[in-house]
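Chemist:
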Amino acid sequence: MSDSLSPGGLSAIKTLAARLNEERRAQLDIIAQLNDRTVTEEIRLANDAWIAKSKSGPAIKQRAAAVRAEIEREAATKRSAIEAIFEVPTSAARSTPRQDGLGGASVFMP
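Start counting the sequence shown at 2; every next residue gets the next number (my numbering).
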């Protein structure tokens, strides 16, 4: 897969290989020729149409909402973990002894 800048340098274009049987490829070649476009342009147009159709479907919208909710749950869990690791101790916590897990010795948080 290779990357290149689109005309105008606005965004990277990624190369995607698609495996087509000989009959399908021949049909695509003829359609491109009849439309005075390249095969790449025909594939892009078909892809754009498929994405537009898919985005408007209720099933994919429901799935997207579920995925978004899962992402938010995972982010909240990670955020809580980071806060627990790097939490700044309060003045009361600094003077409170805690067990260090090494033979029961108490240590004070600095």
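Ideal Cβ positions, reconstructed from N, Cα and C, are used throughout, including at glycine.
(1) Report the CB separation of Leu29 from Glu43 in whole angstroms; it is logged as a contact under 8 angstroms.
(2) So Ala33 and Val40 are in contact, right, with Cβ under 8 angstroms, and what is the actual spacing, rounded?
(3) Once DSSP output is grouped into helix, strand and coil, what is the label at Ala67?
(4) Expressed to the nearest angstrom, what Euclidean distance is found between the alpha-carbon atoms of Ile72 and Ala60?
Modeler: Looking at the coordinates:
(1) 6 angstroms
(2) 5 angstroms
(3) helix
(4) 18 angstroms
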